[in-house]
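Residue numbers (this note's numbering): 7 to 319. Glycine included, every Cβ here is placed at the ideal spot set by N, Cα and C. Since we're looking at a predicted model, the values are computed, not measured. Below is one structure; the comments refer to it alone.
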């Protein structure tokens, strides 16, 4: 729409720069508005938006019900709708938490917000002269995972898609990197990933998106899903342990979300130097971490991004 206003009178390249900058300014205004809210007001806004996206203008309704039917065939339509409602609340609340986290969580008070579970295996690996690969998904508040490691002075490297809007891309990258995460472009960052692993660094991957026709087909919620095989290959090539982790939002006794309260779980470790009898190749490794992620999602399915077309292949 913004481009159409200027398209008749201004060269296309200038139109793109102007429209990108206008979108960037709008996002910054919205971001500042969210940062001006208290955590309680932000949670109220998340609840309002979740009702809007579930019942008034149901976003991606068909895909959401389709995914939940595949994952939980025993659930009724009403149960799926309630789960979708909570999912939207979680997603909007996650965005609000990301905006507020830097102002509320500090080096000396982070334990008031984040509880670490089974962290010893990861800390032990981080103090060895080896690369480490964190495996997680669009589950819980995954942004808090990198934030938590940054607070603990263990910077991580994550792969992210470069946004088409350069102003917005720079803003998002600067914000993430200020919390202890360093971003590598998904489009042309292969050499950077190899450099991190080659220098015994810490890499983090989101492993729950479809890898297309060339991916490794594994079972996810009992259905075949295409998954990136590169994570398993990196692990074997660099003898890098795989550590499955996720940050689940806490709930009160009535099942209501507690804003900015998380349990950071380190669930399992796969060490390629000690291959288990039943996990020997790329497909078996990929199936292993996919299953571990699924086990976590089953604990809190309302905190997973069911908006992904995970089974499109």
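DSSP state of residue i mapped onto helix, strand, coil
i           : result
residue 265 : strand
residue 202 : helix
residue 157 : helix
residue 234 : coil
residue 55  : helix
residue 78  : coil
residue 145 : strand
Extent of the continuous beta strand (DSSP E) to which residue i belongs
i           : result
residue 210 : 208–212
residue 139 : 138–142
residue 189 : 187–191
residue 217 : It is not in any beta strand (DSSP E) - residue 217 carries neither H nor E in the DSSP assignment.
residue 165 : 162–166
Counterpart residues of residue i in DSSP-defined beta bridges
i           : result
residue 254 : 269
residue 229 : 226
residue 120 : 268
residue 248 : 139 and 276
residue 310 : 145
Contact check, residue i vs residue j, beta carbons under 8 Å
i           : j           : result
residue 253 : residue 156 : no
residue 213 : residue 302 : no
residue 217 : residue 232 : yes
residue 226 : residue 300 : yes
residue 312 : residue 93  : yes
residue 59  : residue 65  : yes
residue 141 : residue 248 : yes
Range covered by the alpha helix (DSSP H) that runs through residue i
i           : result
residue 291 : 288–305
residue 23  : 18–42
residue 88  : 83–110
residue 183 : 172–183
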